[in-house]
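**Q** According to UniProt numbering, the sequence shown is numbered sequentially starting from 1. Glycine is no exception: its CB is placed at the ideal position from the N, C-alpha and C atoms. One structure coming up, written as structure tokens, with questions to follow.
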Amino acid sequence: MFGDALRFPLAGDDGVKSVIIGGVLLLFSVLLLPVLPVYGYFVRAAKAGADGTQEAPAFDDWGDLLVDGVKALVVGIVYFLIPTAVLVGALVVVGVGSFAAADPANPATVDAVASGIGVVGGLLVLVAMVLYLVATYVFPAGLVSMARGDDIASAFDFGTVLSAAFSADYFVAGVLAILLSLVVGVATVILGVLTLGLFFLLGVFVQFYVQVAFFYLFGRGYAKALDLPAAR
């Protein structure tokens with residue numbers, strides 16, 4: 001599975017060209033619009049993993065890529081909505097605690113209240129972090145489900161999505177994907193420092209390559225978890 005994921009982004013007639021196009025688009029991702037077809041491509045990579053496809057998809061049918069990118073963005077917003085809401089709530093609680101601590105009217109009472117609010121705020125931050133980790137882990141399964149169903153509603157078929165996500169096969173794929181991202185990320189930073197930042201210019205292409213492999217791995221894990229047949 002891991003070896004297939006490493007080969008996949010460059011495999012086929014369009015692999016190298018797709019990595020170049022994806023890297024160039026990531027260079028301008030701050031503008032948002034260029035990153036949408038990249039998200040759409042990640043959806044294709046996830047589906048390719050689920051289908052057992054060995055060759056990387058091409059950057060074609062740009063309209064479909066944009067639509068899939070928008071869908072992926074919407075799915076991501078929904079999946080991370082609860083963790084974000086909890087984090088915002090935690091920051092509000094901490095802010096209220098800080099404001100209360102600044103009131104000198106009754107120092108003893110204020111200190112007790114501020115301390116309690118601080119504990120609650122800290123717990124909420126911890127809960128938010130856990131929820132972010134869960135969302136990060138489950139989100140690719142939602143994308144695979146959406147890609148296979150060709151319908152954004154499939155991303156919210158939580159019976160299927162959670163059944164795949166909380167399986168041994170998907171977990172192994174997730175661990176491999178995260179390790180790949182961490183190792184390459186650290187290597188990119190080190191090489192960037194050693195080359196006085198020059199390698200960071202190539203980093204966007206490396207980042208795109210890794211993200212394609214990342215979603216391909218999750219797609220493979222999803223398919224294995226649900227025992228899906230390979231596409232023909």
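Using the Cα positions of LEU124 and TYR79, report the straight-line distance between them to the nearest angstrom.
**A** So the two alpha carbons sit approximately 18 Å from each other.
**Q** Suppose only complete runs of 4+ residues qualify. What are the alpha helix (DSSP H) ranges in the segment 61-101, listed by chain order?
**A** For the segment 61-101, whole alpha helix (DSSP H) runs of length 4 or above, ordered along the chain, are 62-79, 81-101.
**Q** Pair every Cβ in the segment 131-138 with every Cβ in the segment 81-93, then say whether three or more of these pairs are closer than 8 Å.
**A** Result yes; three or more Cβ-Cβ pairs closer than 8 Å.
**Q** Can you tell me whether ASP68 is buried or exposed? The criterion is at least 16 other CB atoms within 10 Å of its CB, across all chains shown.
**A** Buried.
**Q** Residues in its own chain within less than 6 Å of SER154 by CB, not counting five upstream and five downstream?
**A** Around SER154: SER145, MET146.
**Q** Reducing DSSP to helix, strand and coil, say where LEU33 ends up.
**A** Residue state, collapsed to three classes: coil.
**Q** Does MET1 come out as helix, strand or coil in the three-state DSSP assignment?
**A** Here MET1 sits in coil by DSSP.
**Q** ALA230: buried (16+ other C-beta within 10 angstroms of its C-beta) or exposed?
**A** Its Cβ having fewer than 16 others within 10 Å, ALA230 is exposed.
**Q** Shortest alpha-carbon distance to ILE82 belongs to which of GLY12, VAL193, ALA135, LYS47?
**A** Among GLY12, VAL193, ALA135, LYS47, the Cα nearest to that of ILE82 belongs to ALA135.
**Q** Going by the beta-carbon positions, is the gap between PRO37 and VAL212 smaller than 9 Å?
**A** Contact flag unset, no.
**Q** In terms of residue numbering, what span does the alpha helix (DSSP H) encompassing ALA164 cover?
**A** ALA164 -> alpha helix (DSSP H) spans 158-165.
**Q** Helix, strand or coil: how does DSSP classify THR136 here?
**A** Three-state DSSP puts THR136 in a helix.
**Q** Can you look up THR188 in the DSSP assignment and give me helix, strand or coil?
**A** In the structure shown, THR188 sits in a helix (DSSP, three-state: H, G or I).
**Q** For SER18, report the span of its alpha helix (DSSP H) as first-last.
**A** Segment 15-27, the alpha helix (DSSP H) holding SER18.
**Q** Name the residue from LYS224, LEU217, ALA223, LEU228 whose alpha carbon lies nearest to the alpha carbon of ALA56.
**A** Measuring from the Cα of ALA56, the nearest candidate turns out to be LEU217.
**Q** Are there 16 or more other CB atoms within 10 angstroms of the CB of VAL19, so buried, or fewer, so exposed?
**A** By the 10 Å Cβ count, VAL19 comes out buried.
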